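Quick note, the sequences are listed as chains A and B, same order. Residues in the first sequence are numbered consecutively from 1057, following our numbering. Residues in the second sequence are numbered consecutively from 431, following our numbering. Every residue gets a Cβ at the ideal spot worked out from N, C-alpha and C, and that includes glycine. Please read these numbers as outputs of a predicted model, since none were measured by experiment. What follows is a short report on a single structure.
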Amino acid sequence: MRIAIAALAGALLAALTAVSTIHFENAAQKDPVLKPLYNYGSR
Amino acid sequence: MSERAKHGAAALTGLVLGLLALGPGLARGFLLSYDMVFVPRQPLNALTFGLTGTLPRHVPSDAFAALLSTVLPGDLVQKAVLLLIFVLGCAGAAALVPTPRLLPRLAAGICYVWNPYVAERLVLGHWALLLGYASLPWAVAAAGRLATRQAVRALVPAAIGGFAAMAVAGLPTIAVAGFAPGRRRRAVAGIALGVVGLCLPWLVTGWLRPSGVPGAPSAVDAFAPRADTPFGTLGSLLLTGGVWNAEVVPKGYGSGLLVLCWALVVIASLAAFAGRMRRDRPDWAAGLVVSAAVGFLIAAFGVVGAPALKRLIEFWSGFAVIRDGQQYTAPLVLVIAIGLGLAADVLLRLVRPREEGKADWTTGLVGFVVAVLPLVLMPGLADGAAGRLRPVGYPDGWDAARKIVHADRVPGDVLVLPWATYRGYPWNGGRTSLDALPRYLDRRVVTRDAVVVGSTTVPAEDPVARGLDPAVASGGPLVPALKAAGVRYVALDAETGAGSAQRARLAGAETVLDTPDLVLYRIPDPARTSEPKAPLIPAALSWIVMVSLIVWSFVTPGTSVTRHIPRTPRRGRYP
Chain A
1057 MRIAIAALAG
1067 ALLAALTAVS
1077 TIHFENAAQK
1087 DPVLKPLYNY
1097 GSR
Chain B
431 MSERAKHGAA
441 ALTGLVLGLL
451 ALGPGLARGF
461 LLSYDMVFVP
471 RQPLNALTFG
481 LTGTLPRHVP
491 SDAFAALLST
501 VLPGDLVQKA
511 VLLLIFVLGC
521 AGAAALVPTP
531 RLLPRLAAGI
541 CYVWNPYVAE
551 RLVLGHWALL
561 LGYASLPWAV
571 AAAGRLATRQ
581 AVRALVPAAI
591 GGFAAMAVAG
601 LPTIAVAGFA
611 PGRRRRAVAG
621 IALGVVGLCL
631 PWLVTGWLRP
641 SGVPGAPSAV
651 DAFAPRADTP
661 FGTLGSLLLT
671 GGVWNAEVVP
681 KGYGSGLLVL
691 CWALVVIASL
701 AAFAGRMRRD
711 RPDWAAGLVV
721 SAAVGFLIAA
731 FGVVGAPALK
741 RLIEFWSGFA
751 VIRDGQQYTA
761 PLVLVIAIGL
771 GLAADVLLRL
781 VRPREEGKAD
791 WTTGLVGFVV
801 AVLPLVLMPG
811 LADGAAGRLR
821 PVGYPDGWDA
831 ARKIVHADRV
841 PGDVLVLPWA
851 TYRGYPWNGG
861 RTSLDALPRY
871 LDRRVVTRDA
881 VVVGSTTVPA
891 EDPVARGLDP
901 AVASGGPLVP
911 ALKAAGVRYV
921 ALDAETGAGS
931 AQRARLAGAE
941 TVLDTPDLVL
951 YRIPDPARTS
961 EPKAPLIPAA
971 LSWIVMVSLI
981 VWSFVTPGTS
991 VTRHIPRTPR
1001 RGRYP
């Protein structure tokens, strides 16, 4: 039972890491404001 | 493993997380991101102590940075402060989990320093606020024991951070003491007085500032929390994000399967916290829960009660401090972090009940998976917040300007053009940052401190900037008006090209430095003016009180956040 839970946890971590990596690589990042030059930020 | 070793492991974990978060940002150079400005050697002047007309938001954090930069290069001071936030926060949160097992504690510590709140505030440059955030678990533990000296000592990083830091750490500390078992009035009053005493440097200068505290109700919409997940603004706040600025949301956060998993983690953590606290409530629990609830309500108020908040600010401008309400969710983040630790503890007990003795690889693996969940679900904080924090050096022209201004014996202010306070310096990769000249030059530097958020302009607070605004904004010749206002230098640190419209307006001023990154004009014979400012004696007294309190808090040796942790049996190891 213990080994089954550990295996499940390991598999979950592997799956989440894979999904996270793919999602992160594909995510667009909102760049810091270049135009207009003097904005504090945007909503 | 001894308690001391467990604290050490948590602190080391915090350090590793800090190194991971800053990444390439650890190289020599300055991380200039939104409100975070460090300079090679910050002068200690009237601005540092809040004795100009500006609001003392940077008091006493700037004085701390300036003092440290006398013995260490400014960029190293910055990295040390940022790493300290991760170490303190991780170790403090880990120690609050009432379990002898190490991995659940580490899960809490990791969650506390690796979440959307920390990522967003770090990119937004709120290092001073994060000092308070990092001291919160320590202060909560001390306040739960009604230990006045330890509470004051735990709040020292928050006191250094100033207003925002004390708001997120000091107020919950009072609440925790107020709800602690026993409720010894004297101890609670002592802690409250200690909190007030640590606030005095900015409280006094802010209160006695001749031009008062501007409210600007229009800024409520600009700084209200916003949804950075599909769960709406309130849901985003519950998931520890929801900061007002869309540009600082960690890369990859807020969409897809990962945010759903993060929501499940938060819900499970809250459930674990509630379940455990029902049967075994540490001294700090009630006050922390109240603080978390009130903090969440304050944050939510800017969203669901914006018109009411505007009216409150019109009634008394002091209510403006709750405009950026998301910062008050810090106690909620601590609850969630402790909850994750407790959830991990429950899971480990399911895998291997305590009675069975030594840990094995199965419990280690399960504990590790839970502990690293925040990292896996939010990788956008790593690698210098995915490229947002990169070290840069100030251009040579800046150093030359500093020397010129420093060598000049004629008094007078420095006016910075273009007439705005945030920059996207090309040498900083176009990243938004606060204009660094006010901290770089050892003179009173005047910038237009009105801030622009989207299409909203929050009015300027500096009375000198407000007085000069009509002349500077008019587009006409500047020198006569600046001369009359006591301005000695005009610094152009953007749009410095030969065709710049600003240059044409400075006929009559002498060009003393002309570089691609900074142009410096000198105005001959500026008028002698004096600026209304907070009185010196009360300000000095406030510093004496604060420093005395800090010294007093260190008089008794020994501090611990772990007295509430049950004794660990000598036999058996726990992951």
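How many Å lie between Tyr824(B) and Met431(B) at the Cα?
-> Cα to Cα, Tyr824(B) sits roughly 47 Å from Met431(B).
Consult DSSP for Tyr758(B) and reduce its assignment to one of helix, strand or coil.
-> Note: Tyr758(B) maps to helix in three-state DSSP.
Would you give the residue range spanned by the alpha helix (DSSP H) that Ala921(B) belongs to?
-> Taken as a continuous stretch (DSSP letters only), Ala921(B) belongs to no alpha helix (DSSP H), being part of the beta strand (DSSP E) at 917-922.
With distances taken between CB atoms, is the gap from Leu770(B) to Phe726(B) smaller than 8 Å?
-> The beta carbons of Leu770(B) and Phe726(B) sit no closer together than 8 Å.
Considering Val570(B), what are the terminal residues of the alpha helix (DSSP H) in which it resides?
-> In this chain, the alpha helix (DSSP H) harbouring Val570(B) covers 557-574.
Near Leu950(B), which residues of its chain fall below 7 Å by C-beta distance, leaving aside the five closest residues on each side in sequence?
-> Excluding positions up to five away in sequence, the list reads Ala831, Ile834, Tyr919, Ala921, Val942, Leu943.
If you measure from the beta carbon of Thr862(B) to each beta carbon in chain A, is any gap under 8 Å?
-> The beta-carbon of Thr862(B) is placed less than 8 Å from the nearest beta-carbon of chain A.
Check Arg614(B) in the structure and name its three-state DSSP category.
-> Annotated three-state conformation of Arg614(B) is coil, per DSSP.
Quick one: is the Cβ of Ser565(B) within less than 7 Å of any heavy atom of the ligand COA?
-> Summarising the ligand content, the structure contains no ligands, and the ligand COA is consequently not present.
If you measure from the beta carbon of Arg997(B) to each beta carbon in chain A, is any gap under 8 Å?
-> Any reading at Arg997(B) is ruled out, since the residue's pLDDT is 45, under 50, leaving its predicted position unreliable.
To which residues does DSSP link Glu961(B) through a beta bridge?
-> By DSSP's assignment, Glu961(B) forms no beta bridge with any residue.
Quick one: grab the DSSP three-state call for Asp865(B).
-> Coil, per DSSP.
Pull up the DSSP beta-bridge partners for Leu845(B), would you.
-> The partner list for Leu845(B) (beta bridge, DSSP) reads Val876(B), Val920(B).
Which class does Thr670(B) belong to by DSSP, given the choice of helix, strand or coil?
-> It is coil, neither helix nor strand.
Compile a chain-ordered list of the residues in the stretch 868-893 of chain B whose CB is closer than 7 Å to at least one CB of chain A.
-> Closer than 7 Å at the C-beta level to chain A, one finds these residues of the stretch 868-893 of chain B: Val881, Val882, Val883, Gly884.
Within-8 Å CB hit, Ala767(B) to chain A = Not one chain A Cβ lies under 8 Å of Ala767(B).
Assign Asp658(B) to buried or exposed, taking buried as 16 or more other Cβ atoms, counted over all protein chains shown, within 10 Å of its Cβ.
-> When all chains shown are included, Asp658(B) counts as buried.
Enclosing beta strand (DSSP E) for Asp944(B) [first to last residue] | For Asp944(B), the uninterrupted beta strand (DSSP E) segment begins and ends at 940-944.
In the stretch 732-751 of chain B, which residues sit with their C-beta less than 9 Å from some C-beta in chain A, listed in chain order?
-> Cβ proximity to chain A below 9 Å picks out nothing from the stretch 732-751 of chain B.
Using 10 angstroms around the beta-carbon of Arg878(B), count the other beta-carbons present and answer buried if the total reaches 16, otherwise exposed.
-> By the 10 Å Cβ count, Arg878(B) comes out buried.
Would you identify the three-state DSSP class for Met466(B), choosing helix, strand or coil?
-> In the three-state reduction of the DSSP assignment, Met466(B) falls in the strand class.
Compare the Cα-Cα distances from Leu1064(A) to each of Glu925(B), Asp899(B), Leu777(B), Asp838(B) and report the closest residue.
-> Here the closest residue by C-alpha is Leu777(B).
Using a beta-carbon distance below 8 Å, is Asn1095(A) in contact with chain B?
-> At least one chain B Cβ lies under 8 Å of Asn1095(A).
Would you give the residue range spanned by the beta strand (DSSP E) that Leu518(B) belongs to?
-> Boundaries around Leu518(B) are those of the alpha helix (DSSP H), 504-525, since no beta strand (DSSP E) includes it.
Inspect the beta-carbon positions of Arg896(B) and Ala890(B) and report whether they are closer than 8 Å.
-> A contact, by the Cβ cut-off of 8 Å.
Would you kindly work out how many angstroms separate the C-alpha atoms of Ala698(B) and Lys963(B), rounded to a whole number?
-> Cα to Cα, the separation comes out at about 51 Å.
Where the alpha helix (DSSP H) containing Arg952(B) begins and where it ends | Element bounds for Arg952(B): not the alpha helix (DSSP H) but the beta strand (DSSP E), 949-952.
Could you spell out the range, first to last residue, of the alpha helix (DSSP H) harbouring Val446(B)?
-> It spans 433-452 - the alpha helix (DSSP H) in which Val446(B) sits, taken as one unbroken run.
Given that a residue counts as buried once 16 or more other Cβ atoms are within 10 Å of its Cβ, and exposed if not, what is Pro910(B)?
-> Flag for Pro910(B) reads exposed.
From Leu700(B) to Gly671(B), what distance separates their C-alpha atoms?
-> Looking at the two C-alpha atoms, the distance is approximately 16 Å.
What first and last residue would you give for the alpha helix (DSSP H) that runs through Thr478(B)?
-> Unbroken run through Thr478(B): none, as it is neither H nor E.
With DSSP as the reference, label Gly627(B) as helix, strand or coil.
-> Three-state DSSP puts Gly627(B) in a helix.
Give a yes or no on whether 8 Å exceeds the smallest Cβ distance from Tyr852(B) to chain A.
-> Among the residues facing chain A, Tyr852(B) is included, as its CB has a counterpart in that chain under 8 Å away.
Every unbroken beta strand (DSSP E) within the stretch 652-702 of chain B, with a cutoff of 3 residues, ordered by chain | Those beta strand (DSSP E) runs which fall completely within the stretch 652-702 of chain B and span 3+ residues do not exist here.
Residues that Trp674(B) contacts on chain A, provided the C-beta gap is smaller than 9 Å | Taking a Cβ-Cβ threshold of 9 Å, the residues of chain A close to Trp674(B) are Gly1097, Arg1099, in chain order.
CB contact below 8 Å: Arg1003(B) versus chain A = At Arg1003(B) the pLDDT is 49, less than 50, meaning the model places this residue with poor confidence; the figure from the coordinates comes in the next sentence. Not closer than 8 Å to any Cβ of chain A, the Cβ of Arg1003(B) fails to qualify, so no.
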